[in-house]
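Trainee:
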Amino acid sequence: MSPKIIYNHNIMTCTHDKVTGNYLYCGRVLGMTGPEDIIQLHPDLALEWPCIRDHYRRIGLEHTETVIWDDSLDYLEKHDEYARSVFYFGDTVQVHQARQAWFEKLDPAWAEAVKFMNSKNNFIQLAHELGVKVPETLCFSSKAEIQPSASLPYPCYLKPAISVDGVGIVRCEDAAALATALAAIANDIPVQIQAEVIAPSFLNLQYQATPKGAERLAATEQILDGFTHQGNRHPARYTPWETVDPMAEWVVEKGIKGIFAFDVAVVEGDNQTEFLAIECNPRFNGASYPTGIARKLGITHWMHKNFKTRFRSLKEIELGDLEFNPETHVGAILVNWGPILVGQVSVLLAGSPQQQAQLIDDLNQHL
Numbered sequence: 001m002s003p004k005i006i007y008n009h010n011i012m013t014c015t016h017d018k019v020t021g022n023y024l025y026c027g028r029v030l031g032m033t034g035p036e037d038i039i040q041l042h043p044d045l046a047l048e049w050p051c052i053r054d055h056y057r058r059i060g061l062e063h064t065e066t067v068i069w070d071d072s073l074d075y076l077e078k079h080d081e082y083a084r085s086v087f088y089f090g091d092t093v094q095v096h097q098a099r100q101a102w103f104e105k106l107d108p109a110w111a112e113a114v115k116f117m118n119s120k121n122n123f124i125q126l127a128h129e130l131g132v133k134v135p136e137t138l139c140f141s142s143k144a145e146i147q148p149s150a151s152l153p154y155p156c157y158l159k160p161a162i163s164v165d166g167v168g169i170v171r172c173e174d175a176a177a178l179a180t181a182l183a184a185i186a187n188d189i190p191v192q193i194q195a196e197v198i199a200p201s202f203l204n205l206q207y208q209a210t211p212k213g214a215e216r217l218a219a220t221e222q223i224l225d226g227f228t229h230q231g232n233r234h235p236a237r238y239t240p241w242e243t244v245d246p247m248a249e250w251v252v253e254k255g256i257k258g259i260f261a262f263d264v265a266v267v268e269g270d271n272q273t274e275f276l277a278i279e280c281n282p283r284f285n286g287a288s289y290p291t292g293i294a295r296k297l298g299i300t301h302w303m304h305k306n307f308k309t310r311f312r313s314l315k316e317i318e319l320g321d322l323e324f325n326p327e328t329h330v331g332a333i334l335v336n337w338g339p340i341l342v343g344q345v346s347v348l349l350a351g352s353p354q355q356q357a358q359l360i361d362d363l364n365q366h367l
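So the sequence shown is numbered by full-length UniProt numbering: it starts at 1 and just counts up by one.
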């Protein structure tokens, strides 16, 4: 029997202030919950609840109706009888790390595993130790260690060791561009320089931590706008689980819980295809929520995509024939519905690639 879970997917301890409506993202986990669970939602979403509940009822998506209209993480301690599910088990935002200490007290092993794997520099070091293939990467504790006269790979990417949603990552064509990028970042943060990888696609390989080890969950292809994640497609053309299996098992042994994932570049050569691990997301990610819904509803072919809309309430959205039909397994499902308050939603588009394309066209006109 599955344990009852309290879901708090407030992302405010792991987000950038440039993300519009980030405090509203907590609602996207609703479709993954079960009837016996509890979900915490920001009170600003209360007026949208009847609409998302009715949408999920019509498409046959079971979920909890036990809601705490407060997204404070403190409730995780008040419900010890429930297993905990959070977006990110730690804090990368607070300067003095008061909340990080709280997570470390709540579950020391989980917090330490997340903190370690959230560093791109730690990821590269561990990959070398475990024999996981990665791009050519140079790691530094600060930009002061970088010698401009050194032989560096160009084009390259300058990356903060800790970054969310691609924030702070800069492509550098040559030494002059690198010097400009270095001048714009803080003096005391760890960074890395990574050789550019020419890849037609990037994969997201999701795992679930279980008592038996790392369980393979879903392989999806990423939809990117520059370095920013915009969505995912399933099924992916490639499923190179063996590329990162050793690292997945390692992080579960260290104590991580819940869902985590790896970004993998697909490098197609004349005679073979190579897979290079780019980073670990030691947390839920954008692909996790549509994956959870698709698994519950038995949807095998889908795309998850972000949309901008003129509407500011779910009451204004009438999907009609575009709504997911549980008999045909084709149609649109609202996933990240909270940001409707700021004119954004994310949608799972179920169906063949042709049906997905038609749904995108229809939704662009509808929204």
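Think of the CB as a built atom: it goes at the ideal place given N, C-alpha and C, for glycine as much as any other residue.
The alpha helix (DSSP H) that contains phenylalanine 116, what's its start and end?
Mentor: Unbroken alpha helix (DSSP H) run through phenylalanine 116: 108 to 117.
Trainee: Are the CB atoms of glycine 331 and leucine 341 nearer to each other than 8 Å?
Mentor: No, the Cβ-Cβ distance between glycine 331 and leucine 341 is not below 8 Å.
Trainee: Shortest alpha-carbon distance to glutamine 97 belongs to which of Leu138, Thr13, Leu319, Asn8?
Mentor: Minimum Cα distance to glutamine 97 is reached at Thr13.
Trainee: Is the stretch 261 to 278 touching the stretch 303 to 317 in the sense that three or more CB pairs, one from each, lie closer than 8 Å?
Mentor: Flag = no, the stretch 303 to 317 and the stretch 261 to 278 do not touch.
Trainee: Does the stretch 128 to 139 come into contact with the stretch 183 to 203, if we say contact requires no fewer than three beta-carbon pairs (one atom in each stretch) closer than 8 Å?
Mentor: Segments in contact, yes.
Trainee: Measuring CA to CA, which of Ala186, Ile5, Ala248, Phe275 is closest to glutamate 81?
Mentor: For the residues Ala186, Ile5, Ala248, Phe275, the minimum Cα distance to glutamate 81 belongs to Ile5.
Trainee: Would you report the Cα separation of glutamate 62 and cysteine 172, rounded to the nearest angstrom?
Mentor: Each residue's alpha carbon lies about 47 Å from the other.
Trainee: Using the DSSP secondary-structure output, state which residues sit across from threonine 239 in a beta bridge.
Mentor: Threonine 239 is not bridged to any residue.
Trainee: Taking the alpha-carbon of tyrosine 25 as reference, which of Asn8, Asn325, Ile360 has the nearest alpha-carbon?
Mentor: Of Asn8, Asn325, Ile360, the residue nearest in Cα terms is Asn8.
Trainee: Residues bridged to methionine 303 by DSSP?
Mentor: Per DSSP, Arg233, Leu349.
Trainee: Identify, in the order they occur along the chain, each residue of the same chain with its Cβ nearer than 6 Å to the Cβ of valine 252, setting aside the five sequence neighbours on each side.
Mentor: For valine 252, where only same-chain residues beyond five positions count, the Cβ hits under 6 Å are Ala209, Gly213, Ala214.
Trainee: For the pair the stretch 180 to 188 and the stretch 196 to 206, tell me if three or more CB-CB distances fall below 8 Å.
Mentor: The stretch 180 to 188 is not in contact with the stretch 196 to 206.
Trainee: Would alanine 261 and asparagine 232 qualify as a contact pair, given that the criterion is a beta-carbon distance under 8 Å?
Mentor: No.
Trainee: Between leucine 30 and leucine 276, what straight-line distance do the alpha-carbon atoms span, to the nearest angstrom?
Mentor: About 33 Å.
Trainee: Among Met247, Leu178, Val170, Ala236, which one has its Cα closest to the Cα of threonine 207?
Mentor: Looking at the sequence shown, residue 207 is not threonine but tyrosine. Looking at the Cα atoms, Met247 is the closest of the given residues.
Trainee: Measure the Cβ-Cβ separation of arginine 28 and glycine 338 and say whether it is below 8 Å.
Mentor: Cβ distance < 8 Å, so arginine 28 and glycine 338 count as in contact.
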